[in-house]
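Under full-length UniProt numbering, the first residue of the sequence shown is numbered 1, with each subsequent residue one higher.
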Amino acid sequence: MPKKRILPYVLLGLINNKKRLSGYQISQEFKHEVGDFWHASHSQIYPELARMKEDNWVTDEEEGKATYYTLTKSGHEVLRNWMQEPLDGNEELFSLKLYFINDATDPLLKELLEQELKLKQDKYQYLQGRLNKVFTDKEKIKANFGHYLILTRAIEREKNHIEWLKNRL
């Protein structure tokens with residue numbers, strides 16, 4: 001099954017947050033804001049905006065040399081539906097969806113945090129089980145020290161993420 005394209009939803013979220021953006025402003029958002037955790041190139045953005053216009057998710061308005069995009073009612077619905085789709089363990093999706101929540105009282109925030117917490121707890125348990133199964137004694141740790149380090153780092157990462165999520169709930 002092909003992987004779902006994320007860029008249209010990111011563009012919808014960016015435009016929604018600012019109400020109206022030009023293509024240049026969108027590329028600047030990727031460069032300075034969203035780019036901290038997700039990337040899209042200039043050559044990806046404009047064709048996607050054209051598809052979104054064809055799908056009636058955005059409208060465009062020429063102003064001088066710039067074209068400004070705003071969400072249509074359909075675009076708002078598509079964005080909200082995507083935001084409400086269950087998380088699948090993809091760290092980028094969680095970060096993106098979290099980024100597009102502007103109101104601390106949005107019920108979706110608690111739902112996202114709870115979903116991510118469950119996913120992280122499951123992954124932590126899995127990794128802890130692997131550690132206990134693979135590294136049963138000091139000799140096995142010594143013989144596969146790099147693997148041991150990577151696995152313990154992954155366990156620490158999940159533990160820290162779980163703690164962060166619990167503190168936000």
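Virtual Cβ for every residue (Gly too), placed ideally from N, Cα, C.
- Message: If we require 3 or more residues per run, which beta strand (DSSP E) segments fall completely within the region 107-161?
- Response: none
- Ignore the nearest five residues each way along the sequence and tell me which others in residue 82's own chain have a CB closer than 6 Å to its CB. Reading the sequence shown from its first residue, position 82 is the one you call residue 82. Excluding residues within five positions, the ones whose Cβ falls inside 6 Å are 9.
- Message: Considering Cα atoms alone, identify which of 116, 136, 68 is closest to residue 20.
- Response: Mapped onto the sequence shown, residue 20 falls at position 20. Ranking the options by Cα distance to residue 20, first place goes to 68.
- Item | Cβ shell of residue 30 (< 7 Å), same chain only, five flanking positions each side left out | As a working note, residue 30 is residue 30 in the sequence shown. The residues are 39, 40.
- What are the start and end residues of the beta strand (DSSP E) that includes residue 58? As a position in the sequence shown, residue 58 is number 58, starting the count at 1. Taken as a continuous stretch (DSSP letters only), the beta strand (DSSP E) holding residue 58 covers 58-63.
- By how many angstroms is the C-alpha of residue 135 removed from the C-alpha of residue 157? Translated into positions along the sequence shown, residue 157 becomes position 157. Translated into positions along the sequence shown, residue 135 becomes position 135. Answer to the nearest angstrom: the Cα atoms are 19 Å apart.
- Query: What do you get for residue 169, buried or exposed, if any count of 16 or more other CB atoms within 10 angstroms of its CB means buried?
  - Reply: The residue given as residue 169 occupies position 169 in the sequence shown. Exposed, by the Cβ-count rule.
- Task: Could you check which residue in 11, 155, 96 has the C-alpha nearest to that of residue 75?
- Result: One-based indexing of the sequence shown puts residue 75 at position 75. Answer by Cα proximity: 11.
- Message: With H, G and I counted as helix, E and B as strand and the rest as coil, what does DSSP make of residue 11?
- Response: For the purposes of this step, residue 11 is taken as the residue at position 11 of the sequence shown. Three-state result, residue 11: helix.
- Item | Where residue 110 falls, given that 16 or more other Cβ within 10 Å makes a residue buried | Indexing the sequence shown from 1 puts residue 110 at position 110. That one is exposed.
- Out of 103, 59, 164, which has the shortest C-alpha to C-alpha gap to residue 73? Position 73 of the sequence shown, counted from the first residue, corresponds to residue 73. For residue 73, the nearest C-alpha among the options comes from 59.
- Between which two residues does the beta strand (DSSP E) harbouring residue 50 extend? Walking along the sequence shown from the start, residue 50 turns up at place 50. Careful: residue 50 lies outside any beta strand (DSSP E), inside the alpha helix (DSSP H) at 42-54.
- Identify whether residue 21 lies in helix, strand or coil by the three-state DSSP scheme. Start at 1 with the first residue of the sequence shown, and residue 21 comes out as number 21. Residue 21: strand per DSSP, three-state reduction.
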